[in-house]
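Note sheet for the following structure.
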Amino acid sequence: MTDSLSKVFAALSDPIRRDMVARLSDADATVSELAEQYDVSMQAISKHLKVLEGSGLVTRGRVAQTRPVHLEAEVFDLMTKWIERYRRQAEERYRRLDAVLAEMDTPNRKDTAS
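Mapping of the sequence shown onto this note's numbering: residues 11 to 124, in sequence order.
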């Protein structure tokens with residue numbers, strides 16, 4: 011699981027790849043359609059797509075003469091579960107901190123009331 015997760019996060023570390031994923035979340039696109047938006051070579055686009063494919067975020071098909079790229083949304087479930095686990099842990103730490111701070115504040119109120 012961690013190895014797959016590492017590949018996904020590594021793939022998303024590049025802004026062009028993050029943008030490609032965002033665009034593919036709306037609809038599938040051909041490699042040429044994806045390439046139109048970026049000021050990089052077609053070879054660079056292919057490398058970006060290979061990284062996304064290697065992480066499992068996208069798949070490429072073949073329809074007649076085109077190579078549509080499809081976002082594999084299930085991969086986001088893996089990321090979401092990982093992020094959610096740590097979000098819950100962080101929220102619990104904040105709740106405990108709030109309780110400690112509230113407890114520390116209570117004696118000060120008694121002192122000022124006297």
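Don't be surprised by glycine CBs; every beta carbon is placed ideally from N, CA and C.
Residues of the same chain with a CB within less than 6 Å of the CB of H58, apart from the 5 flanking positions on each side, are I26, R27 in chain order.
Bridge partners of P78 according to DSSP: T40. Residue state for V18 is assigned as helix, using DSSP reduced to three classes. Here the region 41-60 makes contact with the region 76-95; the two share three or more CB pairs at distances below 8 Å. In this chain, the beta strand (DSSP E) harbouring V68 covers 68-70. With the rule of 3 Cβ pairs closer than 8 Å, the region 48-55 does not count as touching the region 63-76.
The Cβ atoms of V31 and S65 lie no closer than 7 Å to each other.
By the 16-neighbour rule on beta-carbons within 10 angstroms, L62 is buried. Taking every protein chain shown into account, the CB of L111 has fewer than 16 other CB atoms within 10 angstroms, so this residue is exposed. With fewer than 16 neighbouring CB atoms inside 10 Å of its own CB, A20 falls in the exposed class.
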